[in-house]
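Numbering (this note's numbering), first residue to last: 1 to 513. Input: a single structure, listed below in structure tokens.
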Ligand SMILES: [Zn+2]
């Protein structure tokens, strides 16, 4: 059993990296299984063709995304824009004719960035050089004292290098991490855990290379997670170029950072998860849930992350209703709240489901951007969402991901893969007729951990982490044709899952969030 559990964790690892693993080296791509038509393809061909045609001719979904991004804009948890977006979304669902439209109240944190800046000073040929850094404070970071912090830099690539330094070399300094780019799992690990890890050694502040593979002097924010046992120190992301500059300069001589951040927390604010449904004709209590998160960061427009996810899933459901299709089970669209800096929406949804968990037939989350989809990812095997931080002393390297072997799954899980390969055979016309091991999302994490099968679009994943959590996450990054293909795929998959006789297998597991 232990070996099996380890295997499932590796499957989950692939799962968590969907839209992520394919960002790195080609060898990191999850195995993709081809379509294999069966009885579901025969039964649902006519309905699926109608859905595909309607979705590929639909402009309403993208228009709604344009309105959300341009006229409501960024919508960080606790901001008035977030609640404006929720109210607007509810009206959109009602106008589309969805049933049981409701806002499920959720209290969310209100983190406020305020003004912020960072400069470095070092010895130049003609005297000291002062250079502003391209920086963005990390979400949930504390600010600096008024007037800022001025301290020498200690540069490290990874946790192993930090651990190897004597305390005296870290205490009172600004730790700068540049772990390189080995995919989002590793990059975000330094962002979320790096601040407290440096604080434990007495550091005064942290600057971390942005979690991206693209260097265009753009800092990428994202949440940090403080270890309550350590002092909270101000922390910011810097551009790839600035991280590399500090790395070069630190080899030559002393570099000093001046960091000023007004970041702070304000009292929690009432927001909510937004829900709408097509109520099932035969088994209304059984639910296929799909959606994304309505909150974003406080920079850019939250267009790919995750405006594209909520609008594509919404349009997918809306089209099923528009076409007059009546699935046997309920299809529920959810715009979860507070994914970016807390996960309160996902937890509140799990709590609301309570002991009806067994009636949650499938959970589909789209939170990897609306890039060109290749097929559907299937996970739901639980396990950690991100790779665990390396143990002290261990080098941070790209984790080895064992290949996926379907033969090692349970018969029920193998049947589920077969059903999905049957379903995706309906999607050949839009080029999304594959199934990949690995799917899910953090909003559905709490129900997936209790055994609900998880799915998500598997895309080419070429540029998502170029724009993610930056000022550049704007509408122009979302290609209308790719957006439609995601909508079309999700619409067919959700409809068939809600109407077919059997259901997919899930797997209870621990989600370390
Ligand atoms: Zn997201």
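We put the CB at the ideal spot given by N, CA and C, even for glycine.
Anticipated Cβ contact below 8 angstroms, residue i with residue j, distance rounded
{"i": "residue 36", "j": "residue 425", "result": "6 angstroms"}
{"i": "residue 514", "j": "residue 344", "result": "Outside the modelled stretch of the chain, which goes from 1 to 513, sits residue 514, for which no answer is possible."}
{"i": "residue 460", "j": "residue 372", "result": "5 angstroms"}
{"i": "residue 331", "j": "residue 317", "result": "6 angstroms"}
{"i": "residue 150", "j": "residue 220", "result": "Not quite, the Cβ-Cβ distance comes to about 25 angstroms (not below 8 angstroms), so this is no contact."}
{"i": "residue 201", "j": "residue 170", "result": "4 angstroms"}
{"i": "residue 366", "j": "residue 312", "result": "6 angstroms"}
{"i": "residue 208", "j": "residue 177", "result": "5 angstroms"}
{"i": "residue 368", "j": "residue 452", "result": "Between residue 452 and residue 368 the Cβ distance is about 19 angstroms, and since that is not below 8 angstroms, they are no contact."}
{"i": "residue 276", "j": "residue 455", "result": "With 8 angstroms as the limit, residue 276 and residue 455 do not qualify as a contact, their Cβ atoms being about 19 angstroms apart."}
{"i": "residue 290", "j": "residue 333", "result": "6 angstroms"}
Alpha carbon of residue i to alpha carbon of residue j, nearest angstrom
{"i": "residue 493", "j": "residue 141", "result": "40 angstroms"}
{"i": "residue 412", "j": "residue 502", "result": "11 angstroms"}
{"i": "residue 484", "j": "residue 52", "result": "9 angstroms"}
{"i": "residue 349", "j": "residue 273", "result": "8 angstroms"}
{"i": "residue 538", "j": "residue 347", "result": "It is not possible to answer for residue 538, since the shown part of the chain is limited to 1 through 513."}
{"i": "residue 433", "j": "residue 475", "result": "27 angstroms"}
{"i": "residue 157", "j": "residue 125", "result": "27 angstroms"}
{"i": "residue 414", "j": "residue 435", "result": "12 angstroms"}
{"i": "residue 430", "j": "residue 69", "result": "26 angstroms"}
{"i": "residue 185", "j": "residue 211", "result": "9 angstroms"}
{"i": "residue 514", "j": "residue 179", "result": "Only positions 1 to 513 of the chain appear in this structure, which leaves residue 514 out of reach."}
{"i": "residue 48", "j": "residue 96", "result": "20 angstroms"}
{"i": "residue 515", "j": "residue 437", "result": "The question about residue 515 has no answer here: the residues shown for the chain are numbered 1 through 513."}
{"i": "residue 215", "j": "residue 239", "result": "7 angstroms"}
{"i": "residue 402", "j": "residue 439", "result": "Caution applies to residue 402, whose pLDDT of 45 falls short of 50 and renders its modelled position unreliable; the model cannot decide the point."}
{"i": "residue 327", "j": "residue 376", "result": "20 angstroms"}
{"i": "residue 278", "j": "residue 355", "result": "21 angstroms"}
{"i": "residue 245", "j": "residue 118", "result": "14 angstroms"}
{"i": "residue 357", "j": "residue 164", "result": "47 angstroms"}
{"i": "residue 419", "j": "residue 301", "result": "37 angstroms"}
{"i": "residue 253", "j": "residue 205", "result": "20 angstroms"}
{"i": "residue 23", "j": "residue 187", "result": "Low per-residue confidence applies at residue 23: pLDDT is 32, beneath 50, and the placement is therefore not dependable enough to give any value."}
{"i": "residue 233", "j": "residue 256", "result": "17 angstroms"}
{"i": "residue 147", "j": "residue 260", "result": "7 angstroms"}
{"i": "residue 182", "j": "residue 310", "result": "28 angstroms"}
{"i": "residue 296", "j": "residue 406", "result": "36 angstroms"}
{"i": "residue 83", "j": "residue 320", "result": "27 angstroms"}
{"i": "residue 489", "j": "residue 175", "result": "45 angstroms"}
{"i": "residue 213", "j": "residue 104", "result": "37 angstroms"}
{"i": "residue 469", "j": "residue 305", "result": "8 angstroms"}
Local Cβ density within 10 Å of residue i, reported as buried at 16 or more and exposed below that
{"i": "residue 264", "result": "exposed"}
{"i": "residue 341", "result": "buried"}
{"i": "residue 71", "result": "exposed"}
{"i": "residue 351", "result": "exposed"}
{"i": "residue 74", "result": "buried"}
{"i": "residue 370", "result": "buried"}
{"i": "residue 129", "result": "exposed"}
{"i": "residue 477", "result": "buried"}
{"i": "residue 508", "result": "exposed"}
{"i": "residue 132", "result": "exposed"}
{"i": "residue 481", "result": "exposed"}
{"i": "residue 34", "result": "exposed"}
{"i": "residue 427", "result": "buried"}
{"i": "residue 94", "result": "exposed"}
{"i": "residue 338", "result": "buried"}
{"i": "residue 486", "result": "buried"}
{"i": "residue 286", "result": "buried"}
{"i": "residue 173", "result": "buried"}
{"i": "residue 393", "result": "Residue confidence for residue 393 is low, a pLDDT of 44 falling below 50, so the modelled location carries little weight and cannot support an answer."}
{"i": "residue 91", "result": "exposed"}
{"i": "residue 46", "result": "exposed"}
{"i": "residue 113", "result": "buried"}
{"i": "residue 248", "result": "exposed"}
{"i": "residue 410", "result": "exposed"}
{"i": "residue 42", "result": "exposed"}
{"i": "residue 315", "result": "buried"}
{"i": "residue 396", "result": "The predicted position of residue 396 is uncertain, since its pLDDT is 40 and thus under 50; no value can be drawn from it."}
{"i": "residue 324", "result": "exposed"}
Ligand 3 heavy atom lying under 7 angstroms from the CB of residue i
{"i": "residue 373", "result": "Summarising the ligand content, the structure contains ligand 1 and does not contain ligand 3."}
- Quick one: complete beta strand (DSSP E) runs, 3+ long, within the region 79-133? 99-112, 116-124 and 127-132
- Message: Report the start-end ranges of each alpha helix (DSSP H) in the region 433-508 that is 4 residues or longer and not cut off at the edges.
- Response: 445-448, 464-467 and 480-499
- Counting only runs of 3+ residues fully inside the region 229-256, write out the beta strand (DSSP E) ranges in chain order. 235-238
- Let me have the residue list for ligand 1: C-beta closer than 5 angstroms to any non-hydrogen atom, ordered along the chain. 305, 306 and 367
- Enumerated in chain order, which unbroken segments of the alpha helix (DSSP H) with a length of 4 residues or greater are wholly contained in the region 281-341? 309-322
- Considering only residues of the region 146-196, which uninterrupted beta strand (DSSP E) runs meet the minimum length of 3 residues and lie entirely inside it, listed in chain order? 149-156 and 174-177
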